[in-house]
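First up is the structure itself, then whatever we jot down about it.
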Amino acid sequence: MSLSKVLETISDNHLEFIRMEVSDVYGIARSRTVPARHFENTCKSGLFMPLATYCFNGAGADADKYDCGLCWEVGYGDVKLHPDLETFQVIPWCENTGRVLMNAELGGKPMMVCPRGIANIQLQKLEEMGYSLFSAHEYEFYVVDAKTREPLLKDGNLLSTLRTYTDTKLLHQLMRDLPKVGVDIESAEGEGGVGQMEITYRPAFGLRSADNAHTYKLSVKEIARQHGYMASFMSKPWPNRSGSSSHFCHSLWDAKTKEPLVYGKDSPCGMSEVAQHWVAGLLEHAPALTILASPTVNCLSRLKPNTFAPVNSTWGIDNRTTAMRIKINGQKGTFIENRIGASGSNPYLLLAGTVIAGMDGIKRKLPLPQESTGNSYEANGVHPCGQDLPNTMERAVEALKADKVMVEALGPDFIKCFLAMKKKELVESRQAVTNKDGEWERKMFFEYL
1 MSLSKVLETI
11 SDNHLEFIRM
21 EVSDVYGIAR
31 SRTVPARHFE
41 NTCKSGLFMP
51 LATYCFNGAG
61 ADADKYDCGL
71 CWEVGYGDVK
81 LHPDLETFQV
91 IPWCENTGRV
101 LMNAELGGKP
111 MMVCPRGIAN
121 IQLQKLEEMG
131 YSLFSAHEYE
141 FYVVDAKTRE
151 PLLKDGNLLS
161 TLRTYTDTKL
171 LHQLMRDLPK
181 VGVDIESAEG
191 EGGVGQMEIT
201 YRPAFGLRSA
211 DNAHTYKLSV
221 KEIARQHGYM
231 ASFMSKPWPN
241 RSGSSSHFCH
251 SLWDAKTKEP
261 LVYGKDSPCG
271 MSEVAQHWVA
281 GLLEHAPALT
291 ILASPTVNCL
301 SRLKPNTFAP
311 VNSTWGIDNR
321 TTAMRIKING
331 QKGTFIENRI
341 GASGSNPYLL
351 LAGTVIAGMD
361 GIKRKLPLPQ
371 ESTGNSYEAN
381 GVHPCGQDLP
391 NTMERAVEAL
401 KADKVMVEAL
411 GPDFIKCFLA
421 MKKKELVESR
431 QAVTNKDGEW
441 ERKMFFEYL
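Numbering (UniProt numbering), first residue to last: 1 to 449.
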């Protein structure tokens with residue numbers, strides 16, 4: 001979209017305020033709002049935010065004591081932001097307001113800790129290999145009363161129509177307004193946890209998929225707040241209730257012909273050769289991918305047997321106990337579901353990590369391990385090559401550090417910052433255990449994730 005077209009949209013919709021927004025490493029939306037009359041000049045000159053914005057945690061504290069590379073080491077300097085005008089949206093539930101996502105630049109080059117930029121780089125590399133990614137993040141989330149924290153849905157009666165329609169006004173506004181900001185809703189339902197919902201939307205090509213996920217999460221939270229609720233994508237708000245996931249459903253397409261490439265009509269497993277290599281790459285790098293897909297101590301606590309969350313690097317046809325569930329439904333309907341993702345993950349980093357792992361599988365022509373049939377939580381359902389997924393922060397960090405392909409692709413700046421943030425989170429988590437602070441995780445993650 002050209003600047004002139006955006007300015008026309010601003011005028012036609014009588015917009016007064018424009019949110020200029022980024023996603024930090026945790027996936028939390030950070031923004032500055034400018035008056036619409038200054039939008040054109042801001043687009044041309046750029047907007048500045050502190051570099052440390054990207055390493056804030058759920059409480060808005062940076063990782064300055066852990067050598068993250070974005071704070072005292074660089075004098076708490078700024079990052080320059082430029083709008084991606086293709087992402088401009090009019091926000092229907094926020095009076096006279098528009099929003100645009102920003103690209104980060106440092107010293108005239110992309111700032112390599114920016115999750116959106118990292119995802120874009122990996123998608124460009126995939127494009128150079130001749131492939132496009134068609135994908136969507138499938139989110140679950142909890143909705144509670146903003147004051148009492150009582151759940152909107154009082155039981156876990158999955159798919160109950162009566163339960164789903166507990167608050168018709170909220171449900172219908174979500175389903176009406178999300179398409180207006182580019183998120184094409186497919187269906188809504190009550191999920192299996194007390195107070196848990198799922199609203200799915202159509203996949204998109206390339207970076208727009210992660211942009212949609214970012215937009216979706218913030219939109220759900222904002223609209224819920226207007227109805228007196230709090231929507232949370234914290235992955236495991238309560239230890240004895242269902243966790244919330246972000247299954248990453250995706251397929252490979254030919255970048256030139258726009259033909260889908262995952263389905264293999266004559267293959268015994270239903271997948272093409274390139275798709276088999278892709279899935280093999282995902283399994284090879286699944287331990288390292290875990291911390292990108294389930295990046296908090298709370299997210300990692302979701303990875304337990306018999307919870308519909310994976311515990312090992314396995315794959316299976318329509319098998320919800322595996323890490324990679326393959327849905328076979330003809331040439332255009334076949335896709336790969338990466339089930340490691342937690343709802344508290346950053347959608348850009350989940351996408352980037354998946355692409356890095358899959359590309360490596362294709363480059364090295366990794367063979368697809370034996371399919372896991374039956375229950376992958378049990379030893380007789382797991383292929384001997386299936387690696388355990390790390391379910392603690394210590395193990396997840398070590399798995400990432402040990403994966404040279406993932407570390408090199410993500411780059412030293414990101415790895416330094418990300419590991420510093422994880423160290424800070426781990427220290428604070430241990431302090432909470434020592435202090436018997438059972439509310440620390442909810443205080444850190446519930447409202448803003």
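Idealized CB from N, CA, C, for every residue including glycine. Just so we're clear, the structure is a prediction, and the values are computed from it rather than from any experiment.
What first and last residue would you give for the alpha helix (DSSP H) that runs through residue 445?
440-445
Can you give the Cα-Cα distance for residue 78 and residue 106, rounded to whole angstroms?
8 Å
Limits of the unbroken alpha helix (DSSP H) element including residue 414
412-434
As assigned by DSSP and simplified to three states, the class of residue 129
coil
Report all residues from its chain with a CB closer than 7 Å to the CB of residue 59; omit the five preceding and five following residues, and keep chain order.
444
Close beta carbons around residue 149, own chain, < 8 Å, minus the five adjacent residues each side:
230
Buried or exposed: residue 433, going by 16 or more other Cβ atoms within 10 Å of its Cβ?
exposed
In the DSSP assignment, find the beta strand (DSSP E) that holds residue 259 and state where it starts and stops.
Here residue 259 belongs to no beta strand (DSSP E), and DSSP marks it neither H nor E.
Under a three-way DSSP split, which group does residue 4 fall into?
helix
Cα-Cα, which of 441, 413, 425, 209 is closest to residue 74?
413
If you draw a straight line from the alpha carbon of residue 321 to that of residue 54, how long is it in whole angstroms?
34 Å
I believe residue 52 touches residue 76 by the beta-carbon criterion, under 8 Å. Please report the beta-carbon distance rounded to the nearest angstrom.
6 Å
Would you report the Cα separation of residue 160 and residue 325, rounded to the nearest angstrom?
25 Å
Fully enclosed by the stretch 81-136, which alpha helix (DSSP H) runs are 4 residues long or longer?
115-128
What beta strand (DSSP E) runs, 3 residues minimum, are completely inside the stretch 222-309?
229-232, 246-254
Along the chain, which unbroken stretches of the beta strand (DSSP E) at least 3 residues long are found entirely within the stretch 16-82?
17-23, 29-35, 47-50
Would you call the stretch 346-362 in contact with the stretch 245-252, where contact means no fewer than 3 C-beta pairs closer than 8 Å?
yes
Do residue 328 and residue 263 have their C-beta atoms within less than 9 Å of each other?
yes
Secondary structure at residue 185, three-state DSSP: helix, strand or coil?
strand
For residue 396 and residue 282, which I take to be in contact (beta-carbon distance under 8 Å), what is that distance rounded to the nearest angstrom?
The Cβ separation is near 16 Å, so there is no contact.
To which residues does DSSP link residue 204 through a beta bridge?
135
Applying the 10 Å Cβ sphere with the 16-neighbour rule, what's the burial state of residue 36?
buried
Are the CB atoms of residue 312 and residue 387 within a distance shorter than 9 Å?
yes
Would you please state the rounded distance, in angstroms, between the beta carbons of residue 24 and residue 48? I believe it to be under 8 Å.
About 16 Å separates the two Cβ atoms, so there is no contact after all.
In the structure shown, what three-state DSSP assignment does residue 194 receive?
coil
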